[in-house]
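Here is the structure we will look at, set down as structure tokens.
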Amino acid sequence: MFGPFDAPYMQSALLAGLLLAVPCGLLGVWVVLRGLAFFSHAVGVATFPGVVLGLGLPAIGPFAGSLAAAGAFGVAVSSVETDHRVRGGAVTGLALAAAMATGAVLLTTIAQVSTPVETVLFGSLLGISDTDVARCAVVAVTALGAMALLWTRLEASTFDRAWAEPAGARASRTDVLLLILIGFTVVTALPAVGSLMVSGLLVIPAATARLLCDRLVAMSACAVALCAAEVVIGLALARELDVAPGASIAALGGLGFALAAAVSAARSGLARRAPAT
Amino acid sequence: MAYGDRVALDEVSFGLHGGTFAGVLGPNGAGKTTLLHALLGTVAATGTIVLKGRTSYVPQLTAVSEAFPVDALGVVLMGRYPLLGWRRRPGRDDRRLAGELLDQVGLLDRARSPFGSLSGGQRQRVLVARALAQEGDVLLLDEPLTGIDAPSQKSILGVIRAQCAAGRTVVMTTHDLAQAARECDRLLLLNRTLIADGTAQEVLRAEVLGRAYEAEVLLLDGRAALIDEGAHHHPPTKPGGLP
Chain A
6 MFGPFDAPYM QSALLAGLLL AVPCGLLGVW VVLRGLAFFS HAVGVATFPG VVLGLGLPAI
66 GPFAGSLAAA GAFGVAVSSV ETDHRVRGGA VTGLALAAAM ATGAVLLTTI AQVSTPVETV
126 LFGSLLGISD TDVARCAVVA VTALGAMALL WTRLEASTFD RAWAEPAGAR ASRTDVLLLI
186 LIGFTVVTAL PAVGSLMVSG LLVIPAATAR LLCDRLVAMS ACAVALCAAE VVIGLALARE
246 LDVAPGASIA ALGGLGFALA AAVSAARSGL ARRAPAT
Chain B
696 MAYGDRVALD EVSFGLHGGT FAGVLGPNGA GKTTLLHALL GTVAATGTIV LKGRTSYVPQ
756 LTAVSEAFPV DALGVVLMGR YPLLGWRRRP GRDDRRLAGE LLDQVGLLDR ARSPFGSLSG
816 GQRQRVLVAR ALAQEGDVLL LDEPLTGIDA PSQKSILGVI RAQCAAGRTV VMTTHDLAQA
876 ARECDRLLLL NRTLIADGTA QEVLRAEVLG RAYEAEVLLL DGRAALIDEG AHHHPPTKPG
936 GLP
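These protein sequence lines are chains A and B, in that order.
Position in the first sequence (from 1) plus 5 gives the number in the numbering used here.
Position in the second sequence (from 1) plus 695 gives the number in the numbering used here.
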């Protein structure tokens with residue numbers, strides 16, 4: 006039998022993708038419910054200069070480089086965003102553009118990078134290293150542990166911050182921990198799906214899950230399952246059609262969301278036409 | 696009590712016995728919510744606040760995320776989290792209590808309904824049930840009756856009376872002077888400072904109200920009427936889907 010996952014590199018890709026489904030699905034729920042989709046996308050893109058620098062200077066490496074860039078981005082955005090005159094993603098947007106520009110400048114001046122830019126932007130799940138797979142496992146376990154510890158605080162402070170804060174949810178500390186977790190997850194997912202396609206695992210499955218589920222636990226389980234399904238089918242498709250898996254995974258996610266939106270619209274249409282009880 | 700260098704409330708001094716239902720009145724920006732925050736400990740106060748026991752809190756309904764995937768029972772169960780130390784998940788006893796509290800506010804049949812599908816008044820009742828689940832000794836409510844239907848107002852006022860009868864202290868901010876005069880044992884009239892403190896007869900007099908509401912009070916036949924009461928900063932709650 007000759008299946009799509011017979012080759013060892015396909016098995017590594019599958020393992021990495023399935024491991025990533027856990028943190029991406031779990032954290033994606035909070036990204037969607039707290040309106041952090043633009044921030045998480047921007048963190049991914051903002052790692053670009055770090056990756057370029059890390060690839061150019063092997064002493065740093067792309068992982069440490071992107072982690073540093075994500076951290077700098079997070080600190081810069083959250084400290085400038087306290088100025089209420091430039092809220093609503095303006096700071097995130099300009100920091101994103103600045104990071105891309107810095108990366109482009111670094112790419113053509115200092116860093117001697119042999120890796121093609123497409124690999125940085127779209128990832129190379131099929132060429133994923135054992136170290137990358139191990140990092141995915143660490144982030145999966147960390148996300149599971151963090152959810153067990155922070156669940157009630159995240160739930161209460163996302164639903165009603167004005168109540169949760171005096172009730173002792175330590176909302177600000179929880180916010181920071183969540184952003185750090187998102188940053189780590191995004192950076193770990195970069196080698197697999199690239200900086201432009203991270204949302205395909207972090208945002209789309211959770212948003213789809215919200216359309217299908219009305220309870221938090223169900224939404225979280227659904228988001229992880231959708232992530233995993235995207236990975237399995239996306240990898241098989243990528244192999245069959247010879248396209249970048251980051252792109253096929255994100256495209257599948259978009260298709261899934263469109264289907265879920267159509268189903269939920271049809272359902273509420275039926276509910277409206279049903280006789281009132 | 697101050698936000699940054701802006702003093703929101705100055706020279707406020709009062710004491711409340713257990714079993715008292717106090718209404719906090721005043722124009723927009725008078726510091727009503729700030730007073731609740733000072734009692735909750737989320738705003739630094741320069742004076743001393745002695746509060747016996749723990750607080751339960753019902754914040755303004757407008758700040759709640761209506762898209763959050765949770766049902767009415769789940770919201771009430773969140774009220775148990777502080778008592779459970781934010782680590783343990785609610786158990787069978789917590790779920791039974793949450794069901795009883797939903798029954799108290801007349802929403803047991805909506806326990807499994809998504810919070811976002813409830814009407815504004817029903818949501819407010821669920822938030823009151825969540826506060827009761829906190830089992831605090833002092834119940835603080837921020838505009839719990841504003842913009843909601845009459846049956847929900849009646850249900851919430853019934854719950855408040857039951858809390859007072861059980862010896863708990865209740866502090867509620869409101870814009871509705873007539874309702875506060877009818878329902879509360881004690882009125883605190885604020886405008887950046889405590890203007891008056893006492894019974895409805897003592898507080899709701901034209902010259903006292905004039906000091907708190909400044910130009911907003913109109914005198915009709917010697918009786919005070921408020922112009923445009925509470926209309927500026929408090930938009931009605933968004934239409935809430937199915938009732």
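Quick reminder that beta carbons are idealized off the backbone N, C-alpha and C, glycines included.
If you're wondering where the values come from, they're calculated on a predicted model, not measured in any experiment.
task: Within 10 angstroms of the Cβ of Tyr14 (chain A), are there 16 or more other Cβ atoms? Answer buried if so, exposed if not.
output: exposed
The segment 132-144 of chain A in contact with the segment 48-61 of chain A per 3-pair CB rule at 8 angstroms: no
query: With a Cβ-Cβ cutoff of 8 angstroms, do Phe716 (chain B) and Leu883 (chain B) count as a contact?
result: no
message: Tell me the rounded alpha-carbon separation between Ser17 (chain A) and Ala255 (chain A).
response: 19 angstroms
task: State buried or exposed for Lys849 (chain B), treating a residue as buried only when at least 16 other CB atoms are found within 10 Å of its CB.
output: exposed
- prompt: Considering only C-alpha positions, which residue in the set A:Ser83, A:Ile65, A:Ser273 is nearest to Val181 (chain A)?
  reply: A:Ser83
field: Closer than 7 angstroms at the beta carbon, the chain B residues around Cys218 (chain A)
entry: Pro764
query: Taking the continuous alpha helix (DSSP H) assigned at Tyr752 (chain B), which residues delimit it?
result: Note, Tyr752 (chain B): premise wrong, no alpha helix (DSSP H); beta strand (DSSP E) at 750-753.
- prompt: Can you give the Cα-Cα distance for Leu217 (chain A) and Val80 (chain A), rounded to whole angstroms?
  reply: 34 angstroms
- prompt: Any idea which residues DSSP pairs Pro777 (chain B) with across the strands?
  reply: For Pro777 (chain B), which the question treats as bridged, DSSP gives no partner whatsoever.
- request: Would you mind working out which of A:Ala241, A:Val56, A:Ala252, A:Pro196 sits nearest Val110 (chain A), comparing C-alpha positions?
  value: A:Val56
message: Please state the DSSP three-state secondary structure of Ile254 (chain A).
response: helix
field: Residue range of the alpha helix (DSSP H) that includes Gly205 (chain A)
entry: 204-207
field: Proximal residues to Ala252 (chain A) (C-beta, below 7 angstroms), its chain only, five neighbours per side dropped
entry: Phe127, Met202
task: Could you tell me which of A:Phe44, A:Leu221, A:Ala74 sits nearest to Pro54 (chain A), measuring between CA atoms?
output: A:Ala74
message: I need the straight-line Cα distance from Ala263 (chain A) to Asp11 (chain A), nearest angstrom please.
response: 31 angstroms
message: Just to confirm my understanding: we take Val249 (chain A), look at its own chain, exclude 5 residues before and 5 after, and list those with CB closer than 6 angstroms. What are they?
response: One point to set straight first is that residue 249 (chain A) is Ala, not Val, in the sequence displayed. Here the set comprises Phe127.
query: Cβ of Gln817 (chain B) less than 8 angstroms from any chain A Cβ?
result: no
query: Can you check whether the CB of Tyr752 (chain B) is closer than 8 angstroms to the CB of Ala826 (chain B)?
result: yes
query: Based on Cα-Cα distance, which residue from A:Glu170, A:Thr97, A:Val118 lies nearest to Ala42 (chain A)?
result: A:Thr97
task: Would you mind working out which of B:Arg783, B:Gly842, B:Gly853 sits nearest Asp798 (chain B), comparing C-alpha positions?
output: B:Gly853
query: Which residues in chain B sit within 8 angstroms of Gly173 (chain A), going by Cβ to Cβ distance?
result: Pro777, Trp781
- prompt: For the segment 854-877 of chain B, which residues have a CB atom closer than 8 angstroms to at least one CB atom of chain A, in sequence order?
  reply: none
query: The beta strand (DSSP E) spanning Leu889 (chain B) covers which residue range?
result: 889-893
message: Tell me the rounded alpha-carbon separation between Leu99 (chain A) and Gly150 (chain A).
response: 34 angstroms
task: Anything in the segment 219-251 of chain A with a Cβ closer than 7 angstroms to a Cβ of chain B? List those residues in chain order, please.
output: Asp219, Arg220, Leu221, Met224
task: Taking Ala169 (chain A) as the reference, give the member of B:Asn723, B:Met773, B:Leu746 with the closest Cα.
output: B:Met773
- prompt: In chain D, which residues lie less than 9 angstroms from Thr841 (chain B) when you measure between Cβ atoms?
  reply: Going by chain labels, chain D is absent from the structure shown, which instead holds the protein chains A and B.
field: Among B:Leu746, B:Lys727, B:Ala860, B:Gly713, the one whose alpha carbon lies nearest that of Ala907 (chain B)
entry: B:Lys727
message: Suppose you measure from the CA of Ala234 (chain A) to the CA of Gly33 (chain A); what does that come to, to the nearest Å?
response: 15 angstroms
message: Please return the same chain residues whose Cβ sits closer than 7 angstroms to the Cβ of Gly188 (chain A), not counting the five positions on each side in sequence.
response: Val48, Ala75, Gly76, Gly79
task: For Ala266 (chain A), decide whether its Cβ has a neighbour in chain B, counting only Cβ atoms nearer than 8 angstroms.
output: no
Residues that Glu160 (chain A) contacts on chain B, provided the C-beta gap is smaller than 9 angstroms: Phe763, Val765, Gly769, Met773, Tyr776
query: Asp165 (chain A) versus chain B: which residues are under 9 angstroms apart at the beta carbon?
result: Pro754, Ala758, Val759, Ser760, Phe763, Val770, Met773, Leu822, Arg825
- prompt: Which ranges does the beta strand (DSSP E) cover as unbroken runs of at least 3 residues, wholly within the segment 162-219 of chain A, from first to last along the chain?
  reply: none
field: Coarse secondary structure for Val52 (chain A), derived from DSSP in three states
entry: Note on residue identity: the sequence assigns Thr, not Val, to residue 52 (chain A). Three-state DSSP puts Thr52 (chain A) in coil, outside helix and strand.
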